[in-house]
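Engineer: Sharing a structure here in structure tokens format.
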Amino acid sequence: MTVIEPDTTESTWVSELEEDGPDLPLSTRLSIADALTLGNAICGFMAVYFTTTGVLVPHLMGDGNSGMSKSSAANAVTLMLMASVFDLFDGLVARKLRSSAMGAELDNLSDLISFGLAPAYFVIVWGLVTDDAHGKVAAVAAVLVVLAVVLRLARFSCTTLRDGVFQGMPSPFGAMTVVSLVLLELPFVPTIIGIVGVAWLMVSRVEYPKPRGRLALITFCWTIVSMGCLAAWTLGVPGGHQLLQAGCALQCTAAAFLPCFATTRRVNTMRAARREARTATR
Numbered sequence: 210m211t212v213i214e215p216d217t218t219e220s221t222w223v224s225e226l227e228e229d230g231p232d233l234p235l236s237t238r239l240s241i242a243d244a245l246t247l248g249n250a251i252c253g254f255m256a257v258y259f260t261t262t263g264v265l266v267p268h269l270m271g272d273g274n275s276g277m278s279k280s281s282a283a284n285a286v287t288l289m290l291m292a293s294v295f296d297l298f299d300g301l302v303a304r305k306l307r308s309s310a311m312g313a314e315l316d317n318l319s320d321l322i323s324f325g326l327a328p329a330y331f332v333i334v335w336g337l338v339t340d341d342a343h344g345k346v347a348a349v350a351a352v353l354v355v356l357a358v359v360l361r362l363a364r365f366s367c368t369t370l371r372d373g374v375f376q377g378m379p380s381p382f383g384a385m386t387v388v389s390l391v392l393l394e395l396p397f398v399p400t401i402i403g404i405v406g407v408a409w410l411m412v413s414r415v416e417y418p419k420p421r422g423r424l425a426l427i428t429f430c431w432t433i434v435s436m437g438c439l440a441a442w443t444l445g446v447p448g449g450h451q452l453l454q455a456g457c458a459l460q461c462t463a464a465a466f467l468p469c470f471a472t473t474r475r476v477n478t479m480r481a482a483r484r485e486a487r488t489a490t491r
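As numbered in our numbering, residues 210 to 491 make up the sequence shown, in order.
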């Protein structure tokens, strides 16, 4: 007579799963802040879509004029600006209400799409469709932008800084600066140098203030004004092109002078701390 032992493997496995259940994150359901973060990712993906279907594909098919298509380029940039609005408000909402256990990871992944992939792809397409550009050089610059955003987001996840500051240029600000350099229609070499400079600033140790309070309001208003400049340019409003150029120039100027201001402020703070230390030891 053969005796069959009861299979205890399955029951043990099931019991282990049941014991591990309470150890799962407290909330994996999407919160309001997470929904805004997903809106950020959608805008970034749609920016890539409009850049492809409205600029690259017509160029490859020979259906469009040389250079960037105004309406399609404006749609892509507007979507990146909308992504920055979602990115601004998801942090504010998360601080006021709550975020799920996935909030930080969702934010990093969405930022990579909207402020890494989308502007880098915009640069690549610009290098392919513009007459005086060089596609391979533009592709190298685009790769540097993506790598800078990846490294910056990874460093942000594993380092702790004093409250209220970022280390390195924030990726939304960097993405808008890269796009502004392209829309300024400068010669190819200065544009590439500017794009590489923005990539370096994103991985630098220069401290930037976080957009909170009055600065968050200024950032939001500037984003709305930028959307208005793009709309005026697209619709052919008299002076719309000059308005867009002025907005892009202001964005690039701010990107150039903010590191100088932040560095000067940090040096002055360190000098003041040394003076206080010397005074205390006397």
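Backbone N, C-alpha and C fix where the C-beta goes; we use that ideal spot for every residue, glycine too.
Thinking just about the alpha-carbon of each residue, which of E394, L247, D341, F295 is nearest to the one in P420?
Structural biologist: Start at 1 with the first residue of the sequence shown, and residue 420 comes out as number 211. Closest option to P420, Cα to Cα, is F295.
Engineer: For G248 and V302, I'd like the C-alpha separation in whole angstroms.
Structural biologist: Here residue 248 refers to the residue found at position 39 of the sequence shown. Here residue 302 refers to the residue found at position 93 of the sequence shown. For G248 and V302, the distance between alpha carbons rounds to 14 angstroms.
Engineer: Shortest alpha-carbon distance to C497 belongs to which of T262, M291, K279?
Structural biologist: Nothing about residue 497 can be read from this structure; the chain reaches only from 210 to 491.
Engineer: At what residues does the beta strand (DSSP E) containing F324 begin and finish?
Structural biologist: If you number the sequence shown from 1, residue 324 lands on position 115. From DSSP, F324 is part of no beta strand (DSSP E); its letter is neither H nor E.
Engineer: Can you have a look at L426 and say buried or exposed, based on whether 16 or more other CB atoms are within 10 angstroms of its CB?
Structural biologist: Mapped onto the sequence shown, residue 426 falls at position 217. Exposed, because fewer than 16 other Cβ atoms sit within 10 Å of the Cβ of L426.
Engineer: If we ignore side chains and look at the alpha-carbon of each, how far apart do L444 and A384 end up?
Structural biologist: Sequence index remark: in the sequence shown, residue 444 carries index 235 (1-based). Sequence index remark: in the sequence shown, residue 384 carries index 175 (1-based). Distance between the alpha carbons of L444 and A384 is about 24 angstroms.
Engineer: How close, in whole Å, do the beta carbons of Y330 and T287 come, if the pair is a contact with beta carbons under 8 angstroms?
Structural biologist: Within the sequence shown, the letter at position 121 stands for residue 330. Within the sequence shown, the letter at position 78 stands for residue 287. The Cβ separation is near 15 angstroms, so there is no contact.
Engineer: Answer yes if the segment 388–402 comes into contact with the segment 331–350, meaning at least three C-beta pairs across the two stretches below 8 angstroms, and no otherwise.
Structural biologist: In short, these stretches touch, since the Cβ pair count reaches three.
Engineer: What does the alpha-carbon distance come out to for the pair T400 and L459?
Structural biologist: By 1-based counting over the sequence shown, the position of residue 400 is 191. By 1-based counting over the sequence shown, the position of residue 459 is 250. Roughly 15 angstroms between the two C-alpha positions.
Engineer: How should A482 be labelled, buried or exposed, when 16 other C-beta atoms within 10 angstroms of its C-beta is the threshold for buried?
Structural biologist: Within the sequence shown, the letter at position 273 stands for residue 482. Exposed.
Engineer: Give a yes or no on whether the C-beta atoms belonging to V257 and A282 are separated by under 8 angstroms.
Structural biologist: For the purposes of this step, residue 257 is taken as the residue at position 48 of the sequence shown. For the purposes of this step, residue 282 is taken as the residue at position 73 of the sequence shown. Contact: no.
Engineer: Could you tell me the distance, in whole angstroms, from the CA atom of F429 to the CA atom of G437?
Structural biologist: As a working mapping, residue 429 is identified with position 220 in the sequence shown. As a working mapping, residue 437 is identified with position 228 in the sequence shown. Answer to the nearest angstrom: the Cα atoms are 13 angstroms apart.
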